[in-house]
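Residues 20 to 645 (the numbering used here) make up the sequence shown, in order. Even for Gly, the Cβ is constructed at its ideal location relative to N, Cα and C. Remember, it's a predicted structure, so these values are computed and weren't measured experimentally.
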Amino acid sequence: MNSSLKVTAGAEVIAEGRRYQISRVLDLESVLAHDVETGEAHRLPLIHLLPTLPLAHPRDTPAVERNPHHVSDADWQQAQARFAVIQPLVEQGHYSRTEVQARAQATGYGTATLYRWLRQYQRSGVASALVSNKRGPARGQRRLCPEVNVIIDTTIQETYLSGQKPSMRRTALEIERCCRNAGLLPPHPNTVRHRILQLSNHTKLRRREGHQAARSVFEPIRGPYPDADWPLAVWQIDHTLVDLILVDDLHRRPVGRPWITVAIDVFSRMVAGFSISFDPPGAMSVGLCLAHAMLPKETWLAKHDITTPWPVWGKPAAVHADNAKEFRGRMLTRACENLGIDLHWRPVARPHYGGYIERLCGTLNHAIHALPGTTFSNPQQRGAYRSEEQAALTLAEFETWLVVQIVELYHQQVHSGMDLPPLKQYEQGIFGTDEQPGIGVPERFVDETGLRLELMPYEERTVQRYGMQLDGICYYHDVLKVWINAADPTHRKRKRKFLVRRDPRDISLIYFYDPELNEYFAIPYRNTAHPAISIWELREAKHRLQEAGAQAADEEQLFAAYNRLKAIEEAAVRETKAARRKAQRQRLHAATARPLTPHADTASVPPEPDDADDIEPFDDLEELDD
């Protein structure tokens with residue numbers, strides 16, 4: 020999914036169809052490279068570089084990158100355990116055979132196994148590449164019966180993870196004793212050993228040695244901020260309601276205050292990225308902000324007619340986000356696990372973990388107080404100033420103003436906490452100083468669409484004869500044909516559920532993940548005459564129908580209700596701020612919510628849903644996971 024570009028001396032890249040080898044990284048915008056065929060040296064902008072295709076190892080099976088949200092919890096835990104084994108080597112970047120052998124010996128795996136996992140991971144850069152492709156036990160192995168599994172897990176929890184601190188061998192002997200007493204065939208000691216190795220070191224130390232011992236080893240020494248010793252080490256994310264009233268694009272009348280979600284690089288205080296919207300903050304806004312922060316921004320800046328560089332991109336080691344319930348969900352957690360990002364939810368009553376981002380938001384709002392339409396921080400500051408009457412900026416204009424404020428002022432001015440501008444601090448962290456080596460230019464994500472989809476909400480649905488149905492709306496495309504009424508490979512009597520993603524701002528498309536092709540396809544409405552709407556507009560239409568006494572609304576009723584609501588809004592748009600804000604939100608969604616995969620050719624006319632019996636009970640009861 021997320022192929023990335025290594026920007027280091029010696030790396031081979033593709034530029035304008037030719038293969039180059041990087042000789043030297045000149046700055047955060049360009050490299051010096053020589054043509055592999057001609058030997059000619061060229062200065063190449065980073066934006067023009069693409070990665071070369073990795074060569075497969077002759078003894079490797081083809082790498083299959085599984086969708087992390089389409090993997091069982093057990094398989095995912097296994098992939099995470101494998102990644103934990105190779106993570107120190109991955110983070111080194113370069114490693115010798117001696118180092119791999121030492122890591123293999125420390126973890127109890129073979130050196131060849133570690134090399135295989137390293138190759139699998141390096142081809143895609145995501146943990147899902149480590150999910151086992153095997154189905155069922157390997158040849159010569161036997162499945163453990165549920166009773167034996169219970170004995171293994173219980174003994175590990177109650178015996179191995181205790182203050183007595185027995186060895187793995189003693190734990191295996193205790194499991195063997197319990198199994199024989201129960202008349203069960205005991206597992207091989209290696210099975211027990213493997214289960215124990217899958218436990219995190221933190222869990223083992225905390226349970227066997229105590230909380231204090233675990234804290235002394237795993238909690239960082241508190242400096243200015245935990246572990247934020249280099250660029251991309253720690254990002255903070257937070258949300259704030261902007262102290263500014265904006266106007267709509269059409270009539271330039273007040274529509275209200277937007278929300279902004281901001282990510283800051285704690286080491287340098289650089290703004291890593293942001294998202295801005297009239298929609299309330301949640302997991303979706305965190306995902307949009309992360310995608311913006313992790314992706315290169317040259318093209319995005321050009322669309323805003325801004326030439327000042329914003330050289331922040333790449334994968335952060337850790338992200339600290341708001342602990343509120345609406346931001347926590349399986350989608351965001353598993354996406355970060357797959358990308359190798361350590362996601363932390365900011366502890367309650369621990370302001371130390373959110374201070375930098377809150378100060379940044381305060382700095383931005385202070386500058387915003389000089390804009391027409393500001394609400395200031397409180398009524399006392401506002402005084403007799405009439406914010407709505409003075410409002411002048413649209414959301415697009417405010418976004419451009421905000422980018423200029425960030426990249427041309429905030430990044431360039433000396434930060435009081437560092438005695439350096441954030442950009443200078445960031446560059447020193449990348450390229451190093453006389454006293455401290457730098458981390459090097461971060462890898463650049465190449466698959467922009469894949470990253471955005473990875474951070475988008477998802478659901479699971481079956482494929483029926485008429486396509487797929489979400490929230491009462493049917494979607495269809497010919498790519499679904501081969502999966503109509505497909506059986507679950509693990510439970511043949513059940514229908515198979517497939518992963519689909521959708522942008523809540525525009526639900527006229529869903530993104531269907533084909534588990535065999537390992538690819539997403541954009542699936543439109545079955546009735547393409549329906550207008551593009553947001554999930555919030557759909558919910559409002561359903562609510563109005565319920566108020567009118569409708570017991571179960573079908574798709575046509577839903578869109579008829581939506582059209583009636585639009586007519587009412589259009590009549591009221593010049594009269595009420597709420598209606599204008601809703602209309603502006605709809606225009607913003609239409610402009611920003613469709614940057615992803617195209618339709619897979621032209622869909623044929625799908626069959627009409629002719630029989631409710633096609634849908635088995637509980638087939639489609641999965642809810643949006645965040």
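N-terminal and C-terminal residue of the beta strand (DSSP E) that Pro70 is part of: The residue you call residue 70 lines up with position 51 of the sequence shown. Counting along the chain, the beta strand (DSSP E) containing Pro70 begins and ends at 68-70.
Supposed contact pair Thr382 and Tyr429 - C-beta distance, whole angstroms, cut 8 Å: Mapped onto the sequence shown, residue 429 falls at position 410. Mapped onto the sequence shown, residue 382 falls at position 363. That belief holds up - the Cβ atoms of Tyr429 and Thr382 are roughly 7 Å apart, short of 8 Å.
Val261 classed as buried or exposed, judged by whether at least 16 other C-beta atoms fall within 10 angstroms: Taking the sequence shown and counting its residues from 1, one reaches residue 261 at position 242. The residue in question, Val261, is buried, as its Cβ has 16 or more Cβ neighbours within 10 Å.
Minimum length 4: unbroken alpha helix (DSSP H) runs contained in the stretch 313-368: 317-322, 349-358
Helix, strand or coil at Leu471 according to DSSP, with G and I counted as helix: Sequence index remark: in the sequence shown, residue 471 carries index 452 (1-based). Before going further, note that residue 471 is Arg rather than Leu in the sequence given. Here Arg471 sits in helix by DSSP.
Nearest candidate by alpha-carbon position, reference Leu390, set Phe417, Leu379, Ile376: Numbered from 1 along the sequence shown, position 371 holds the residue referred to as residue 390. Of Phe417, Leu379, Ile376, the residue nearest in Cα terms is Phe417.
Supposed contact pair Val281 and Ala247 - C-beta distance, whole angstroms, cut 8 Å: Here the question's residue 247 lines up with position 228 in the sequence shown. Here the question's residue 281 lines up with position 262 in the sequence shown. With 8 Å as the limit, Ala247 and Val281 do not qualify as a contact, their Cβ atoms being about 16 Å apart.
Within-8 Å CB hit, Gly381 to chain B: In the displayed structure, chain B is absent; only one protein chain is listed.
Pair within 8 Å by beta-carbon distance, Ala560 and Tyr532: Residue 560 sits at position 541 when you count from the first residue of the sequence shown. Residue 532 sits at position 513 when you count from the first residue of the sequence shown. Against a cut-off of 8 Å, the Cβ pair of Tyr532 and Ala560 comes out as no contact.
Continuous beta strand (DSSP E) stretch holding Ala148: start and end: Residue 148 sits at position 129 when you count from the first residue of the sequence shown. No residue range can be given for Ala148, since it is assigned to no beta strand (DSSP E) and is classified by DSSP as neither H nor E.
Three CB pairs or more closer than 8 Å across the stretch 545-557 and the stretch 500-516: no
Proximity of Asp257 and Thr413 at Cβ, strictly below 8 Å: Here residue 257 corresponds to residue number 238 of the sequence shown, with the count starting at 1. Here residue 413 corresponds to residue number 394 of the sequence shown, with the count starting at 1. No, Cβ-Cβ distance for Asp257 and Thr413 is not below 8 Å.
DSSP three-state assignment for Ala34, whether helix, strand or coil: Along the sequence shown, one-based indexing puts residue 34 at 15. If DSSP states are grouped into helix, strand and coil, Ala34 belongs with the strands.
Between the CA atoms of Ala146 and Ala30 - distance to the nearest angstrom: Taking the first residue of the sequence shown as 1, we reach residue 30 at position 11. Taking the first residue of the sequence shown as 1, we reach residue 146 at position 127. Their Cα atoms are separated by approximately 22 Å.
Simplified DSSP state of His207, which is helix, strand or coil: Locating residue 207 in the sequence shown gives position 188, counting from the first residue. Note: His207 maps to coil in three-state DSSP.
Boundaries of the alpha helix (DSSP H) in which Gln447 is found, first to last residue: Here residue 447 corresponds to residue number 428 of the sequence shown, with the count starting at 1. It spans 441-450 - the alpha helix (DSSP H) in which Gln447 sits, taken as one unbroken run.
Ordered list of alpha helix (DSSP H) runs contained in the stretch 162-189, each at least 4 residues: 165-174
For Glu467 and Leu314, believed in contact at Cβ under 8 Å, the rounded distance: In the sequence shown, counting from the first residue as 1, residue 314 sits at position 295. In the sequence shown, counting from the first residue as 1, residue 467 sits at position 448. Contact flag correct, Cβ pair sits at about 6 Å.
Contact the stretch 191-203 vs the stretch 174-183: 3+ CB pairs below 8 Å: yes
Local Cβ density within 10 Å of His385, reported as buried at 16 or more and exposed below that: The residue given as residue 385 occupies position 366 in the sequence shown. Result: exposed.
Proximity of Gln288 and Tyr179 at Cβ, strictly below 8 Å: Start at 1 with the first residue of the sequence shown, and residue 288 comes out as number 269. Start at 1 with the first residue of the sequence shown, and residue 179 comes out as number 160. Reading the sequence as shown, one finds Arg at residue 288 and not Gln. Result no, Cβ atoms of Arg288 and Tyr179 do not sit closer than 8 Å.
Burial state of Gly202 (16 or more Cβ within 10 Å): Against the sequence shown, residue 202 aligns to sequence position 183. Classification for Gly202: exposed.
Selection from Ile33, Ala291, Gln447, Val253 that minimises the alpha carbon distance to Leu362: Here residue 362 is taken as the residue at index 343 of the sequence shown, counted from 1. Out of Ile33, Ala291, Gln447, Val253, Val253 has the C-alpha closest to the C-alpha of Leu362.
DSSP beta-bridge partners of Pro543: Within the sequence shown, residue 543 is the residue found at index 524, counting from 1. Partner(s): Leu528.
Presumed contact (8 Å Cβ cut-off) between Leu251 and Gly333, rounded CB distance: Walking along the sequence shown from the start, residue 251 turns up at place 232. Walking along the sequence shown from the start, residue 333 turns up at place 314. Correct: roughly 5 Å between the Cβ atoms.
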